[in-house]
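Asker: Numbered as in the working numbering, the sequence shown ends at 471 without a single skipped number.
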Amino acid sequence: MGGMTVVKINAITVQPDSGDELAQRFAARAGAVDDADGFEGFELLKPTDDRTQWLVVTRWRDEAAFEAWTSSPGVRCVPDPTLPADVRRAVDALAPELVELRRDLHAHPELAWSETRTTALLAERLAAAGVRTTAVEPTGLLAEVGPVDGPVVALRADLDALPVDDLTSDPWRSGVAGVAHACGHDVHTVGLLGAVLALSDVADRLPLRVRAVFQPAEEVMPGGSHRAIEQGALDDAVAIFTVHCDPGVDVGSIGLREGPITGAADALEVRLSGTGGHTSRPHLTQDLTFALAKVLTEVPAVLSRRFDPRAGVSVVWGAVSAGSAMNVIPASGRALGTVRTLDPVAWAEAEAVVREVVAAVVAPYGVRCEVGYVRGVPPVVNDAVATAVIHRAAADLLGEDAVRTTPQSTGGEDFAWYLEHVPGAMARLGTRAPGGPTYDLHQGDLRVDERAVATAAALLAGVALGAMGEPDITDR
């Protein structure tokens, strides 16, 4: 540093007492490091109204001395309490740009593992703001603000679109046939971008690193979270947070719950083959279409009796194909669907039971059967402390009444895999225009109230700051 003094603004949390007493206590603590460790002095600034937190300006000979002090026993730096307001102002200033960026992504959706344009746009905007980035191969991105090392608070967004047609008439509707952002990932992505850009404005005042994880391929199984984790998404992370659009909740509100907030989800494919023939002579065939129909109806029915009803195990078919003519019994067919459950124990048992049931259902028809089963994601289980961090940030941003308890859904989310490594939580982001229609996810007519973009940005940034000041997270 060439002798340059490093000035850091931090907040310290104390029991209510006088400024003089606090100054004496802080001076005693600072004296423990003294000049030999690079400490050059401090100044107490204005306390909060309840006098439980004071701003402290500390002066250090170099960055290394400050980092050594903050990592020593008994010392904890939490965010400057003026940061949330400063970050919120930054998000407000960014809001028009964020809406335009969201419309750009919505008009140019990209499927899983193909998000090259999306990632390039993010990298360009982050580079312009001086934010450090690292590629996640093949189509993801990590971005960091704050100190260059030390603990990390991670924030995650998913990038990919869905293979459905955009049925809206908006000027920014998808320009790619058969591909649309029908799950709100464009909102997630730009919301996280806005959070990082706002935090970059105060990067030198952050006591911990914030890492944005722009993850590809959430909509396929297995999802892209594994590759992101393998490539450093959770290195040094103490917690991770995310939001997911909820078109059943008004914009300006969020849904939240401690514990499981989503279900487990696996992918199932059943392929049948056998002797085909003329529909006038089904007795000379294995009537594969009839056997496939039995799979469609009987497998879900039998499974409902093999698991505790409270486990919420279900098989729902999304695609079925067999034959091409009314009077030809086909020789092959297949059904694609998902297996979902609310219970981790049932999820662990589901594959073996599904395979057994499918085999039993088709056995009377003599057809050949192959079962393809892909383990997808466990339930997202929100950590209690992390959930409380989101609650406080949302209440501060939107008001206590805007934080609503949400039920556990049967939808799957590969955010769950991050929580197998570090604590964290997911919130449901309201996207419905008040008084407007309720859309559904994964449908081509999905519309969002675009005010949700800035809400996502401000909430994620606020959550990151809140996590930095939560000792039950930072001290784990």
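Beta carbons are placed, not taken as given, at the ideal position from N, Cα and C, and that holds for glycine.
Source: prediction; values computed, not measured.
Contact defined as beta carbons within less than 8 Å: I believe leucine 203 pairs with valine 290. What is the distance between those atoms, to the nearest angstrom?
Answerer: Wrong, their Cβ atoms sit about 52 Å apart, outside the cutoff.
Asker: According to DSSP, simplified to helix, strand and coil, what is phenylalanine 285?
Answerer: The answer is helix: DSSP assigns phenylalanine 285 an H, G or I state.
Asker: If you draw a straight line from the C-alpha of valine 369 to the C-alpha of alanine 347, how long is it?
Answerer: 12 Å
Asker: Would you mind stating whether histidine 221 and histidine 183 have Cβ atoms separated by less than 9 Å?
Answerer: no
Asker: Taking the alpha carbon of leucine 96 as the reference point, which residue from Thr77, Gly219 and Thr113 has its own alpha carbon closest?
Answerer: Thr113
Asker: To the nearest angstrom, how far is the alpha carbon of alanine 288 from that of valine 366?
Answerer: 15 Å
Asker: Just how far apart, CA to CA, sit valine 143 and alanine 453?
Answerer: 23 Å
Asker: What runs of the beta strand (DSSP E), each 3 residues or longer, lie entirely inside the stretch 227 to 254?
Answerer: Counting whole runs of 3 or more residues, the stretch 227 to 254 contains the beta strand (DSSP E) stretches 232 to 245 and 249 to 251.
Asker: Name the residue from Ala314, Leu455, Val297 and Tyr413 whose alpha carbon lies nearest to the alpha carbon of valine 357.
Answerer: Proximity to valine 357 across Ala314, Leu455, Val297 and Tyr413 peaks at Val297, based on C-alpha coordinates.
Asker: Please check the pair threonine 237 and glycine 407, which I expect to be a contact at CB under 8 Å, by giving their CB distance rounded to whole angstroms.
Answerer: That belief does not hold up - the Cβ atoms of threonine 237 and glycine 407 are roughly 14 Å apart, past 8 Å.
Asker: Hey, would you say leucine 263 sits closer than 9 Å to glycine 332, going by beta carbons?
Answerer: yes
Asker: What are the boundary residues of the alpha helix (DSSP H) that serine 309 is part of?
Answerer: That residue, serine 309, is in no alpha helix (DSSP H); its beta strand (DSSP E) goes 309 to 317.
Asker: Checking 9 Å against the spacing of the C-beta atoms, do alanine 345 and valine 308 come in under that value?
Answerer: yes
Asker: Touching or not, the stretch 394 to 403 and the stretch 462 to 470, by the rule of three or more beta carbon pairs under 8 Å?
Answerer: no
Asker: For alanine 115 versus threonine 128, is the C-beta spacing smaller than 9 Å?
Answerer: No, the Cβ-Cβ distance between alanine 115 and threonine 128 is not below 9 Å.
Asker: Considering only residues of the stretch 309 to 397, which uninterrupted alpha helix (DSSP H) runs meet the minimum length of 4 residues and lie entirely inside it, listed in chain order?
Answerer: 339 to 357 and 379 to 393
Asker: By a C-beta neighbour count over all protein chains shown, 10 Å radius and 16 as the cutoff for buried, is glycine 430 buried or exposed?
Answerer: exposed
Asker: If contact is defined by three or more beta carbon pairs under 8 Å, each pair taking one atom from either stretch, is the stretch 148 to 168 in contact with the stretch 260 to 280?
Answerer: The stretch 260 to 280, when compared against the stretch 148 to 168, does not touch it at the 8 Å Cβ threshold.
Asker: If you follow the beta strand (DSSP E) that leucine 263 is part of, which residue opens it and which one closes it?
Answerer: 259 to 268
Asker: For a test of the three-state rule: what should DSSP assign to phenylalanine 410, helix, strand or coil?
Answerer: helix
Asker: With burial defined as no fewer than 16 other Cβ atoms inside 10 Å of the residue's Cβ, what is the status of arginine 335: buried or exposed?
Answerer: buried
Asker: Buried or exposed for arginine 427, please, with buried defined as at least 16 other CB atoms from any protein chain shown within 10 angstroms of its CB.
Answerer: buried
Asker: Quick one: grab the DSSP three-state call for arginine 301.
Answerer: When secondary structure is reduced to three states using DSSP, arginine 301 falls in the coil class, being assigned neither helix nor strand.
Asker: Take the Cβ of aspartate 30 as the centre, count every other Cβ of all protein chains shown within 10 Å, and call the residue buried at 16 or more, exposed below.
Answerer: Model confidence at aspartate 30 stands at a pLDDT of 45, short of 50, so the residue's coordinates are unreliable; what they give is reported in the following sentence. By the 10 Å Cβ count, aspartate 30 comes out exposed.
Asker: Taking the alpha-carbon of alanine 172 as reference, which of His180, Ala156 and Glu351 has the nearest alpha-carbon?
Answerer: The residue with the shortest Cα to Cα distance from alanine 172 is Ala156.
Asker: So, helix, strand or coil for glutamate 225, using DSSP?
Answerer: helix
Asker: On the CB-based measure, 16 or more other CB atoms within 10 Å of its CB, does glutamate 351 come out buried or exposed?
Answerer: exposed
Asker: Whole angstroms are fine: how far does the CA of aspartate 160 sit from the CA of threonine 274?
Answerer: 35 Å
Asker: Which same chain residues end up closer than 7 Å to threonine 270 when comparing Cβ atoms and leaving out the 5 residues on each side of it in sequence?
Answerer: Thr280, Gln281 and Ala326
Asker: Contact check, alanine 478 vs glycine 425 under 8 Å by CB: the rounded distance?
Answerer: Past the edges of the chain, shown from -4 to 471, lies residue 478, and the structure says nothing about it.
Asker: Skipping 5 residues on each side, what residues in its chain have a beta carbon closer than 7 Å to that of glycine 26?
Answerer: At glycine 26, the pLDDT of 49 sits below 50, so the modelled position is not reliable; the number obtained from the coordinates is stated separately. Answer for glycine 26: no residue qualifies.
Asker: Between which two residues does the beta strand (DSSP E) containing leucine 136 stretch?
Answerer: 135 to 140
Asker: Measuring alpha carbon to alpha carbon, tell me which residue in Arg276, Tyr360 and Val349 is nearest isoleucine 324.
Answerer: Residue Arg276 is the option with its Cα nearest to isoleucine 324.
Asker: Would you report the Cα separation of alanine 343 and glycine 219, rounded to the nearest angstrom?
Answerer: 21 Å
Asker: Within the continuous beta strand (DSSP E) that includes methionine 463, where are the two ends?
Answerer: Unbroken run through methionine 463 is the alpha helix (DSSP H), 446 to 463; no beta strand (DSSP E).
Asker: Does the separation of the CB atoms of alanine 193 and alanine 354 fall below 9 Å?
Answerer: Not a contact, by the Cβ cut-off of 9 Å.
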